[in-house]
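2 protein chains.
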Amino acid sequence: MKLEQAIQSTKFKNETHKAGLNILYTAWWLKTSFSQALKEYGLTHEQYNVLRILKGKNPEQMCVRDIACRMIEKSSNVPRIVDRLEIKKLVKRSVSSFDKRETMIQLTAAGLLLLEVTTKKADELFDNQLCVTDEEAKQLNELLEKLRQKEA
Amino acid sequence: MKLEQAIQSTKFKNETHKAGLNILYTAWWLKTSFSQALKEYGLTHEQYNVLRILKGKNPEQMCVRDIACRMIEKSSNVPRIVDRLEIKKLVKRSVSSFDKRETMIQLTAAGLLLLEVTTKKADELFDNQLCVTDEEAKQLNELLEKLRQKEA
DNA sequence: ATAATTTAGATGTATGTACATGTATTAGTA
DNA sequence: TACTAATACATGTACATACATCTAAATTAT
Numbered sequence: 001m002k003l004e005q006a007i008q009s010t011k012f013k014n015e016t017h018k019a020g021l022n023i024l025y026t027a028w029w030l031k032t033s034f035s036q037a038l039k040e041y042g043l044t045h046e047q048y049n050v051l052r053i054l055k056g057k058n059p060e061q062m063c064v065r066d067i068a069c070r071m072i073e074k075s076s077n078v079p080r081i082v083d084r085l086e087i088k089k090l091v092k093r094s095v096s097s098f099d100k101r102e103t104m105i106q107l108t109a110a111g112l113l114l115l116e117v118t119t120k121k122a123d124e125l126f127d128n129q130l131c132v133t134d135e136e137a138k139q140l141n142e143l144l145e146k147l148r149q150k151e152a
Numbered sequence: 153m154k155l156e157q158a159i160q161s162t163k164f165k166n167e168t169h170k171a172g173l174n175i176l177y178t179a180w181w182l183k184t185s186f187s188q189a190l191k192e193y194g195l196t197h198e199q200y201n202v203l204r205i206l207k208g209k210n211p212e213q214m215c216v217r218d219i220a221c222r223m224i225e226k227s228s229n230v231p232r233i234v235d236r237l238e239i240k241k242l243v244k245r246s247v248s249s250f251d252k253r254e255t256m257i258q259l260t261a262a263g264l265l266l267l268e269v270t271t272k273k274a275d276e277l278f279d280n281q282l283c284v285t286d287e288e289a290k291q292l293n294e295l296l297e298k299l300r301q302k303e304a
């Protein structure tokens, strides 16, 4: 669907302005599809993201700060997301013996298992839903990184 | 900043997968910059979006449903956003005489004024922060719309 | 004309974001 | 060593999203 249809608007200040809205809309669409796919497993996409980050170091633990700086949305409140994962017994919290201020998070066996199943689903979604060739994806990545040039 | 730095990750399944994450990250970055710029006016970017939509029809009123279908994030809860705009006297609610189920929303003079000021800021942000040429923006728009081809 | 269905929007709840503040612990300094 | 500053995380609040449910009004079917 063209952006014009999606947000019922035809007047854009210029192509760059339209691109900004297009990115916001595409991100919303992608998040929604993703959340939909994870729903039957009782996970939100933020919770999935935290599990996926933990997997990267598994079976090592990670502290909250290390998880936070790997999140896509930097302002995510990781302690709160971990709360919910802990209730579902997908992760375990413990105080770091190295630095008692740090809370170490570790995947449980259940968490690892659920992650493996959902990762398959998530990868399928990306492969099936995102209709660009490898070459186009590369181009898209370059354009997005150029666009963000003035990132603080 | 490269995506790899931003989310401290170098392993992507493929370029398309990376593009998906890149879109999500870019959208977060854009939203954050935007919210920052609106902050001194006491507006969130969702509230701004609703005001902007209302301006499109001003001085005509719009019903909640018509606003909702123009929102970038389709699952936005428009009545609640309107609640907050109403408290700030930026919009006015009234029952439609045409169909009493409908709530009609109209910009107040204060809303219109605030919108004009913030629109300038918002446009500046888009122009200054998004570092792509017109040609690149066009390409980006084409790629995003191709990517979303399988949109439901 | 009356009953059943659909629609519009308000509202409740769980989750998440954005940001401020509180508390414990560690690091740095006089 | 004692005092101060910084850090890690938990937690409170306002706003937003995602989705379910409720109420009133309009539409459709019988």
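First to last, the protein sequences are chains F and E.
Position 13 of the first sequence, counting from 1, maps to 13 under the numbering used here, and the rest follow consecutively.
So the mapping is simple: the numbering used here equals the position in the second sequence, first residue as 1, plus 152.
All C-beta atoms, glycine included, are put in the ideal place defined by N, C-alpha and C.
Open item on the list: Tell me which residues share the same chain as THR118 of chain F and place their Cβ nearer than 7 Å to its Cβ, disregarding the 5 neighbours each side in the sequence.
Closed with: Cβ neighbours of THR118 of chain F beyond the five flanking positions: LEU38, TYR41, LEU43, TYR48.
TODO: Check each candidate in E:CYS221, E:THR255, E:ARG300, E:LEU292 and name the one with the smallest Cα separation from THR16 of chain F.
DONE: Across the set E:CYS221, E:THR255, E:ARG300, E:LEU292, the C-alpha of E:LEU292 shows the shortest separation from the C-alpha of THR16 of chain F.
Open item on the list: Using the three-state DSSP reduction, which class does VAL284 of chain E fall into: helix, strand or coil?
Closed with: Three-state result, VAL284 of chain E: coil.
Open item on the list: Please tell me whether GLU276 of chain E has its Cβ less than 7 Å away from any Cβ of chain F.
Closed with: For GLU276 of chain E, the answer is no, since every Cβ of chain F falls outside 7 Å of its Cβ.
Open item on the list: Using a Cβ-based criterion (distance less than 6 Å to any ligand heavy atom), does GLU40 of chain F qualify as near the ligand GDP?
Closed with: No copy of the ligand GDP occurs in the structure displayed, which carries no ligand at all.
Open item on the list: One question on the structure: do CYS63 of chain F and GLU102 of chain F come within less than 7 Å of each other, judged by their Cβ atoms?
Closed with: Between CYS63 of chain F and GLU102 of chain F, the C-beta spacing is below 7 Å.
Open item on the list: At the 7 Å Cβ level, is GLN199 of chain E part of the contact set with chain F, yes or no?
Closed with: Output row for GLN199 of chain E: interface = no.
TODO: Taking only the alpha-carbon atoms, compute the straight-line gap between LEU264 of chain E and PHE250 of chain E and give it to the nearest angstrom.
DONE: C-alpha separation (whole angstroms): 25 Å.
Task: Distance CB(LYS92 of chain F)-CB(THR108 of chain F) smaller than 7 Å - done: Cβ distance < 7 Å, so LYS92 of chain F and THR108 of chain F count as in contact.
- [ ] Could you spell out where the beta strand (DSSP E) holding ILE7 of chain F opens and where it closes?
- [x] Element bounds for ILE7 of chain F: n/a, residue is neither H nor E.
Task: Members of the region 15-40 of chain F that neighbour chain E once the beta carbon cut-off is set at 9 Å - done: Result list: GLU15, THR16, HIS17, LYS18, ALA19, GLY20, LEU21, ASN22, ILE23, LEU24, TYR25, THR26, ALA27, TRP28, TRP29, LEU30, LYS31, THR32, SER33, PHE34.
TODO: Could you tell me whether any Cβ in chain F is nearer than 7 Å to the Cβ of ASP286 of chain E?
DONE: ASP286 of chain E counts as touching chain F.
- [ ] Taking only beta carbons into account, state which residues of the region 74-98 of chain F come closer than 9 Å to chain E, listed in chain order.
- [x] Within the region 74-98 of chain F, the residues whose Cβ lies closer than 9 Å to some Cβ of chain E are LYS74, SER75, listed in chain order.
TODO: Please classify THR108 of chain F: does DSSP put it in a helix, a strand, or coil?
DONE: Three-state DSSP puts THR108 of chain F in coil, outside helix and strand.
TODO: Please check if any C-beta of chain E sits within less than 7 Å of the C-beta of ALA137 of chain F.
DONE: By this cut-off, ALA137 of chain F is an interface position.
Open item on the list: Need the endpoints of the alpha helix (DSSP H) that LYS191 of chain E sits in, please.
Closed with: Residues 167-191.
- [ ] Spell out whether any CB of chain E is found under 7 Å from the CB atom of LYS150 of chain F.
- [x] Taking CB atoms only, LYS150 of chain F has a neighbour in chain E less than 7 Å away.
Task: Among F:LYS18, F:LEU3, F:SER94, F:ALA110, nearest to LEU51 of chain F - alpha-carbon criterion - done: Looking at the Cα atoms, F:ALA110 is the closest of the given residues.
Open item on the list: Below 8 Å, how does it come out for the region 171-190 of chain E and the region 230-244 of chain E: are there three or more Cβ pairs, yes or no?
Closed with: Taking a cut-off of 8 Å on C-beta distances, the region 171-190 of chain E does not touch the region 230-244 of chain E, as fewer than three cross pairs fall below it.
TODO: Taking CYS283 of chain E as the query, report the chain F residues whose CB atoms sit under 7 Å from its CB, ordered along the chain.
DONE: Going along chain F in sequence order, the residues near CYS283 of chain E (Cβ under 7 Å) are LYS146, LEU147, GLN149, LYS150.
Task: Selection of the region 2-14 of chain F by Cβ proximity to chain E, strictly under 9 Å - done: Taken in chain order, the members of the region 2-14 of chain F whose beta-carbon sits within less than 9 Å of a beta-carbon on chain E are LYS2, LEU3, ALA6, ILE7, GLN8, SER9, LYS11, LYS13, ASN14.
Open item on the list: Quick check: what's the CA-CA separation for GLY208 of chain E versus GLU294 of chain E?
Closed with: If you draw a straight line from the Cα of GLY208 of chain E to the Cα of GLU294 of chain E, it is about 25 Å long.
Open item on the list: Just to confirm before moving on: does the CB-CB distance between GLY20 of chain F and LEU296 of chain E stay below 7 Å?
Closed with: Taking C-beta atoms as the reference points, GLY20 of chain F and LEU296 of chain E fail to come closer than 7 Å.
Task: Cutoff 7 Å; reference HIS45 of chain F; Cβ partners in own chain excluding five residues on either side - done: If we look at HIS45 of chain F and ignore the five residues flanking it on each side, its Cβ neighbours are LYS31, PHE34, SER35, LEU38.
- [ ] May I ask you to list the residues that DSSP assigns as paired with VAL243 of chain E?
- [x] Partner(s): E:LEU259.
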